[in-house]
Structures are given as C-alpha cells and as structure tokens.
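This report refers to the structure that appears directly beneath it.
Residue numbers (this note's numbering): 6 to 188.
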C-alpha cells in the first residue's frame, strides 16, 4: 500500500510540475478582479470544483457552484471556471455558451486546450494528466480520470494559497470564522 500511495503522490507531483505557472497566475488575476465566481464540472471534477468554491468563500470571494439552488444568474464581469478533463462535456459546453451570452469571462481547467470549450474560453489552464478518455495514452497506475481530478484539486488548493499570499492577505483565524459551524 505504501508503494501505491507514493506512486500516486509522485504522479500528481509530476503533473503539477508541468503546469505553466503563468496560466495559474492568470487565473488568480481573473479571480481577484472579478465580481463573482461560478464553478462547474461534472463527476469528480465537479467535486474538485465544489472544494475550490468552498475555499474561495473562506478567503472572502463570492463563489457559486453551477446547478445549486442558491446560485444566481451569471452576468457581465463574472467568471465561470469550468473543470473538464476532455474540455468537450456537452452540459459544460452549454454553460459556457450561456456565460458568453451574458458577457462573463470563461476559464477552463483541462487536459486539452484545443477542445470545444478551450476554443471559446478566455483563459485556459492546461493540466497534462490522464483522463478517463486518455487512459492508456499516458503512464499512470490510477483508474479512469483519477490523476486529472487529484492534480486539479492540488492545483486549485495551491491557487487558494497564492490568492491569500498575493491578493487577500487572509489570516487563518478569519478562514476559521467562515468555516461551517453547523456540524
């Protein structure tokens, strides 16, 4: 088991090390200057998006998860962050079209910047990981898109730290105050 854990950790570290830091900084700049942030993804990518939205809220941003009942309509000056390994998920592509109609900015976190969504996104963060559609094309011991999902979670958590250090200056005590207490 130790070997498996170490191999997975090394895989994620290798993927994260290949992401262009300029793309992450670009996403941070968009997050810091936007009105509200909307996040979407399907399956495990959607779960990574929900974790990202939670942390954005903790550090003081207005963050919403697409599809939740309390999510308002997207508008001009808002940011839609789409997490999609393939960049071709039909429902996410529909959300991108709606966001573009509203004149919102679209950021895509994906393995394929040339994908359908990548072609219309204003900003792309390329994560060179295995997805469920590329299993066998790259080296991983993990099933389906686990490598992508784990890498995205790590990168988005790193982005939160970057935002704290460079934009919000949030103290850990203020984050704790915004953490759920009905548990």
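Think of the CB as a built atom: it goes at the ideal place given N, C-alpha and C, for glycine as much as any other residue.
Here the segment 61-78 does not lie against the segment 109-119, with fewer than 3 beta-carbon pairs under 8 angstroms apart.
Of the residues assessed, residue 129 falls on the buried side of the cut-off, its CB having 16 or more other CB atoms within 10 angstroms. Per DSSP, the continuous beta strand (DSSP E) segment holding residue 113 begins and ends at 110-115. For residue 131, the enclosing beta strand (DSSP E) has its first and last residue at 128-131. The continuous alpha helix (DSSP H) containing residue 20 extends over residues 7-23. By alpha-carbon distance to residue 33, the top candidate from 164, 187, 173 is 164. Residue 152 counts as buried, since at least 16 other C-beta atoms from the protein chains shown sit within 10 angstroms of its C-beta.
The three-state secondary structure of residue 96, taken from DSSP, is helix. When secondary structure is reduced to three states using DSSP, residue 27 falls in the helix class. Counting only unbroken stretches of 4 or more residues, the alpha helix (DSSP H) elements lying wholly within the segment 40-72 are 48-63, in sequence order.
Contact between the segment 80-94 and the segment 39-56 is present, with at least three C-beta pairs closer than 8 angstroms. For residue 165, the enclosing alpha helix (DSSP H) begins and ends at 151-168.
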